[in-house]
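In terms of UniProt numbering, the sequence shown has 394 at position 394, counting the first letter as 1, and numbering is strictly consecutive.
All C-beta atoms, glycine included, are put in the ideal place defined by N, C-alpha and C.
Note that the structure is predicted; figures quoted are calculated from it, not measured.
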Amino acid sequence: MRKACLRGAAVLVWWGGVQVPLAIAQGAGATTERMDLPDLLWGQWGLLGLGLFCLILLLNILVLRRKVAERTQHLRNSEQKLAAILDNAGSLVYIKDLDFRYQYANRQSAQNLGRTPSEVIGKTDADLFGTAAAEAMQQSDRQVFDRRERIEVEESMTLPDGEELQTYLTVKVPLFDGKGAVMGLCGYSTNITALRRADEALRIAATIFESQEGMLVTGPDRRILQMNRAVYRLTGYAEGELRGQDFSCLQSGRNDAAFYQGVWSAVAATGQWAGEMWIKRKSGENYPAWVNIAAVRSPTGEITHYVSTQMDISERKAAEEEIRTLAYYDALTGLPNRRLMSDRLQRSLTNSGRSGLGGALLVVDLDNFKDLNDTLGHEIGDDLLRQVGERLEQCARRSDTVARLGGDEFVLLLDGLNSDPAQAADEAQRVARTVLRMLGQAFTLGERTHHTSCSIGIALYADASNNPDELLQRGDLAMYEAKAQGRNTLRFFDPRIQQAVAERTALEADMRRALVQQQFILHYQAQVEAGGRLVGAEALVRWEHPDRGRVYPNDFIGIAEATGLIVPLGAWILHTACMQLAAWAKNAETAHLILAVNVSARQFRHVHFVAELLEVLRETGADPARLKLELTESLLLDDAEAAIARMIELRTHGVRFSLDDFGTGYSSLSYLKRLPLDQLKIDQSFVRDLITNANDAAIARTIVALAHSLDLAVIAEGVETEEQRALLERFGCCLWQGFLFGQPAPADQMLQQISTLVAP
């Protein structure tokens, strides 16, 4: 055989765990000579090995590609899971490079900016938030890059979808490359705006808890858990002494068990109670407080705590008592005045109608008192009046009322007399003769001895058919008859004087015709503030009677109230007033005016009053906020809850409320707080003698202070002189109404009066 001359070497190669022999030629000039059988076989094996190697290489490549594909899919799955986790983390997650450009942003980060993640990537903070906010963010980024450590920082920004500043707690962590160099950062931001608000609310609550008002917290068993320092100050207990005690330890004997049962029943039913409550101090002393109790409930509706606040209202109660004393008692004699006497007379009339018992009103007037005042002076006269009051009280029974109406005129109200008119007259006459005898005895006035006498008029009553004013008028008429008969005597009311009643009946019939024939008109009296600026007016009704001429409200409003005619008359007044408001609104010079309208008790209590008034406002186009309803204290005290409900309903539509003739009735201060009022109106009876009567001045000043404490406006009516206006202004009353600024007149004349008043 011929031998092949092959210059080469056999090489063993490992691949995929298999040893492959390869014959590799050496040199480019290798030649092939005739090979013998072994050489031939060796060459064939080399080729076979090469083929096997290629096959194994191919298989390994396929396996490797499959593994790479599997790992790639695994990485994609992991990446998707991580993205899902980050997108639903509820926080902002992002990655920035060293140029502050976003390389990654989760979905929440992008949504906060009103963008998609792809729209965020590649942007800087300046692109997304503006230069100012970006500088603050990048300052903390630089700290991460420089310090190469994790930091926590609070960042504030305004998002594109709102104007409210949002606060985020951000954790920033540096990212490193394979060589340990910082390549960027990862940020994780959580919105803590609500948390910061809660912190602020807690701080505010803590501040409130330590306010001047007493505050305490009890458990559901009403045992005291927490209280502020004001409670210790108000109650006199030392710190810690109240903790664990039942709330009832603060209860006084001034409120009975039924009262407290009602309190807790209201809390259970409505979740809260507010009102006056007497609190017992550690010393045993009681003080009045305005208490508010509120129930705190768990999400399941169970009561977990009670929170109570209390404010000492001793000063207010004292002011209330002062107002009551000034308004209901005569400052000189300490006797009930005309207001209180009228109130008691009304109650006596009502009781008489129910029981059938009789009563009598004795009007006592001193004879020749003016001569005493003119000759000896007012101080001596006042001393005599005080002693007369004391002697009259000695003549009266405990159930009777002795009052001073003013000047030298007194009244004895005898209640519960015999049901037989003749016997009742005898009882009244016996008391009257006792008065004549007692007042006929000598008085010691300083170093002088003085003798006087009196004239007495007696008006009997046996039911509620008469009103107090009518009875007083009858008593006055009888008293004047006694004076006409020579003084120092008594006279009963003569029924022949009933001509006034007949005239009243005729006037009622005329009123009914007047409503049909439109004989009523409205006049307006200006309401003025400092500088003479017109701020509003009061609408006052006038009756243009074809025969009687002009009739004023004092002559017909009482009849309208008694007969029910006040309802249609009041409806006409409101409609006409609203039309005037609408007319004023069209003129820039009068558009600001507020119009006050008196509403009677009977009209306000009418079942359709609210609906009818709202319809009038809609029909006329008058602005409800320019309409002010003047209500009296007596109206609000009778059926109070219904009155308050009507006021609240009208208030929601913008209608304002003023408490008219304030001080002539009786309202507790705690009750006034419940009324949705805008204004108190000082009655003209206090303004009339404001300059000369210290008692009236004190009442006016107290009413102004009370209005200010309740955050109410205050206006005085009946202002006729500059001295009255100036004194009221010094008291703090800067709204006035009265003849000083013009008499009631048609709207155009009223405006002309004011323009003339303030003209230079």
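Spatially closest choice to residue i from the options, by CA coordinates
i    : options                : result
A424 : G389, L361, L405, S465 : L361
T124 : Q143, Q108, Y104       : Y104
E409 : D365, T444, R339, N292 : D365
R142 : M157, R115, C186, E239 : C186
T270 : S252, R281, E285, N292 : N292
A539 : R281, L357, R533, E630 : E630
L335 : R391, K370, A442       : R391
A537 : A514, T590, A562       : T590
A230 : M311, V535, G262, E285 : M311
A482 : L515, A506, G457       : G457
R437 : V655, N488, N418, L471 : N488
L677 : F686, A622, F662       : F662
A577 : K628, G531, A484       : K628
D371 : T452, D330, I323       : T452
M157 : Q73, E135, G180, R324  : E135
Residue i burial status per 10 Å Cβ neighbour count (16 or more: buried)
i    : result
A428 : buried
P744 : buried
D660 : buried
I699 : buried
S455 : buried
R338 : buried
K172 : buried
Q108 : buried
Q525 : buried
I703 : buried
E633 : buried
G564 : exposed
N368 : exposed
F493 : buried
V599 : buried
D683 : buried
L613 : buried
Backbone secondary structure at residue i - three-state DSSP
i           : result
K152        : As written in the sequence, residue 152 is Glu, which differs from the Lys given in the question. Correct three-state label for E152: strand.
K628        : strand
A194        : helix
T167        : strand
R354        : helix
A601        : helix
V63         : helix
P336        : strand
P746        : coil
C733        : coil
G178        : coil
D363        : Here residue 363 is Val; the residue named in the question, Asp, does not match the sequence. Three-state result, V363: strand.
E320        : helix
Y552        : coil
R533        : coil
R674        : coil
H305        : strand
V402        : strand
A596        : strand
S314        : helix
L55         : helix
residue 761 : Since the first residue shown for the chain is 1 and the last is 760, residue 761 is missing from the structure and cannot be characterised.
E409        : strand
D141        : helix
R397        : coil
E544        : strand
Presumed contact (8 Å Cβ cut-off) between residue i and residue j, rounded CB distance
i           : j    : result
G446        : I380 : 7 Å
I566        : Q603 : 6 Å
Y168        : E155 : 5 Å
A295        : I279 : Contact doesn't hold; Cβ gap of about 20 Å is too wide.
residue 761 : Y328 : In the structure displayed, the chain extends from 1 to 760; residue 761 sits before or after that span and is not available.
E723        : G738 : 12 Å between Cβ atoms; not a contact.
I644        : L672 : Rounded, the Cβ-Cβ distance is 11 Å, inconsistent with contact.
D383        : S399 : The Cβ separation is near 29 Å, so there is no contact.
Cβ of residue i within 9 Å of any chain D Cβ
i    : result
E729 : Protein chains in the displayed structure number just one, and chain D is not present.
Kindly provide the ranges of any alpha helix (DSSP H) runs that are 4 or more residues long and lie completely inside the stretch 476 to 529, ordered along the chain. 499 to 517
Along the chain, which unbroken stretches of the alpha helix (DSSP H) at least 4 residues long are found entirely within the stretch 93 to 136? 107 to 112, 117 to 120, 125 to 129
Quick check for students: name the residue ranges of the alpha helix (DSSP H) that lie wholly in the stretch 210 to 298, counting only runs of 4 or more. 229 to 235, 257 to 270
Entirely enclosed beta strand (DSSP E) segments - the stretch 441 to 473, minimum 3 residues: Secondary structure remark: continuous beta strand (DSSP E) runs of at least 3 residues inside the stretch 441 to 473, in chain order: 443 to 445, 448 to 450, 454 to 461.
Those runs of the alpha helix (DSSP H) which lie wholly inside the stretch 685 to 724 and span at least 4 residues: As summarised for the stretch 685 to 724, the continuous alpha helix (DSSP H) elements at least 4 residues long and confined to that stretch are 694 to 709, given in chain order.
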